[in-house]
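Position one of the sequence shown corresponds to residue 33 (this note's numbering), numbered consecutively onward.
Beta carbons are placed, not taken as given, at the ideal position from N, Cα and C, and that holds for glycine.
In this text the structure is predicted, and so the values were computed from the model without any measurement.
The structure appears below as structure tokens.
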Amino acid sequence: MTILRSHLAFLYGEPAALPLLDRLQKLIEDFQTRIHVHTNELTEQDSILITYGDQVQSPGEKPLRTLGTFCNQYLPDVIGG
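Here you go:
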């Protein structure tokens, strides 16, 4: 936190640095309890589909709906992550 304090002192002046640092520490502590930790990290067994939204098209249907239908029908157990 000393680096942060020195940055705050540089930006806002020495008198304001300590109160700002205290306030920031409280905010950080508050938000740390809200952070969702991902326990399901990707591994070499995962696969992810990267595509344009209109890569798969069907007449009269919105491209993303068509892509969703395609993925649900042909890739339900293939794509994960």
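What's the gap between the Cα of residue i and the Cα of residue j?
i, j, result
"Pro91", "Ile80", "26 Å"
"Thr83", "Asn72", "23 Å"
"Ser38", "Pro51", "13 Å"
"Leu59", "Arg66", "11 Å"
"Leu99", "Tyr106", "10 Å"
"Pro108", "Arg97", "15 Å"
"Pro47", "Leu36", "14 Å"
"Tyr155", "Leu74", "Look at the range of the chain in this structure, 33 to 113, and you will see that residue 155 is not part of it."
"Cys103", "His68", "27 Å"
"Gln57", "Phe42", "18 Å"
"Met34", "Leu40", "Met is not the amino acid found at residue 34; the sequence shown has Thr there. Distance between the alpha carbons of Thr34 and Leu40: 10 Å."
Out of the options, state which residue places its alpha-carbon closest to the alpha-carbon of residue i.
i, options, result
"Val110", "Asp54, Gln77, Phe42 and Leu36", "Gln77"
"Asp86", "Leu74, Leu53 and Thr101", "Thr101"
Worksheet entry | Length at least 4, wholly inside the stretch 51-105: the alpha helix (DSSP H) runs in chain order | Counting only runs of 4 or more residues that sit fully inside the stretch 51-105, no alpha helix (DSSP H) segment turns up.
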